[in-house]
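Working notes, beginning with the structure itself.
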Amino acid sequence: MRAYCDFYEVDPADADLLGMSRALIADPDREGVQLIARAPDGTAVGFATVFWTWQTLDAARLAVMNDLYVAPESRGSGLAEALIRACADAARGHGAHSLGWQTALDNDRAQNVYDRLGARSSKWLDYELALDEPASSE
Numbered sequence: 001m002r003a004y005c006d007f008y009e010v011d012p013a014d015a016d017l018l019g020m021s022r023a024l025i026a027d028p029d030r031e032g033v034q035l036i037a038r039a040p041d042g043t044a045v046g047f048a049t050v051f052w053t054w055q056t057l058d059a060a061r062l063a064v065m066n067d068l069y070v071a072p073e074s075r076g077s078g079l080a081e082a083l084i085r086a087c088a089d090a091a092r093g094h095g096a097h098s099l100g101w102q103t104a105l106d107n108d109r110a111q112n113v114y115d116r117l118g119a120r121s122s123k124w125l126d127y128e129l130a131l132d133e134p135a136s137s138e
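So this is what it looks like as structure tokens:
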């Protein structure tokens with residue numbers, strides 16, 4: 001997870017990353033799951049995190065793949081596709097009707113993987129409101 005954060009140039013505390021993983025392990029039916037890909041020697045070489053939510057417009061459960069990361073030395077090996085398929089299987093097992101995710105607009109390599117799997121980009125525009133700052137009344 002640290003390498004993934006480094007890739008996006010963010011630095012959450014290790015304790016916070018560990019807390020997130022512990023929450024997923026403690027209650028996967030409520031929180032979601034974290035899938036870890038390992039090399040034959042046991043070294044982690046990738047992971048994906050899926051959270052459960054609802055989609056009101058479809059009146060159905062939705063799975064959100066919030067994280068997908070493959071270590072540079074394992075890219076191009078089919079690992080990203082395998083992780084996405086495993087996420088889709090977990091989502092189906094949880095009763096989700098679809099698996100959604102975001103990617104950076106300039107992450108062409110990842111977008112090529114998603115296109116090969118048959119995923120399609122959405123017409124929705126994402127927004128984010130930081131909650132550690134007072135909301136603007138403007």
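Heads up, the sequence shown is in the numbering used here, so the first residue is 1 and it goes up one at a time.
In this text, a Cβ means the ideal position worked out from N, Cα and C, and glycines have one as well.
Given the structure is predicted, the values throughout are model-derived calculations rather than measurements.
>> At the level of alpha carbons, what is the spacing between L24 and T49?
In response: Mapped onto the sequence shown, residue 24 falls at position 24. Mapped onto the sequence shown, residue 49 falls at position 49. If you draw a straight line from the Cα of L24 to the Cα of T49, it comes to about 9 Å.
> Just how far apart, CA to CA, sit W52 and V33?
Replying inline: Against the sequence shown, residue 52 aligns to sequence position 52. Against the sequence shown, residue 33 aligns to sequence position 33. Near 9 Å, if we compare the C-alpha coordinates of V33 and W52.
> Does the separation of the CB atoms of L99 and A63 fall below 7 Å?
Replying inline: Here residue 99 corresponds to residue number 99 of the sequence shown, with the count starting at 1. Here residue 63 corresponds to residue number 63 of the sequence shown, with the count starting at 1. Closer than 7 Å, so yes.
> Are G46 and L17 close, meaning C-beta to C-beta below 7 Å?
Replying inline: By 1-based counting over the sequence shown, the position of residue 46 is 46. By 1-based counting over the sequence shown, the position of residue 17 is 17. Cβ atoms of G46 and L17: not closer than 7 Å.
> Nearest to L68 by alpha carbon, out of V113, A96 and R92?
Replying inline: Counted from its first residue, the sequence shown places residue 68 at position 68. Measuring from the Cα of L68, the nearest candidate turns out to be V113.
> How would you write the range of the beta strand (DSSP E) that S98 sits in, first residue to last?
Replying inline: Numbered from 1 along the sequence shown, position 98 holds the residue referred to as residue 98. Looking at the DSSP string, the run of the beta strand (DSSP E) that includes S98 is S98 to G100.
> By Cβ distance below 6 Å, which residues in the same chain neighbour W101 in space, the five residues on each side in sequence not counted?
Replying inline: As a first step, residue 101 must be located in the sequence shown, where it is residue number 101. Only M65 meet the Cβ criterion.
> Taking D58 as the reference, which of R22, A96 and A80 has the closest Cα?
Replying inline: Locating residue 58 in the sequence shown gives position 58, where the first residue counts as 1. Answer by Cα proximity: A96.
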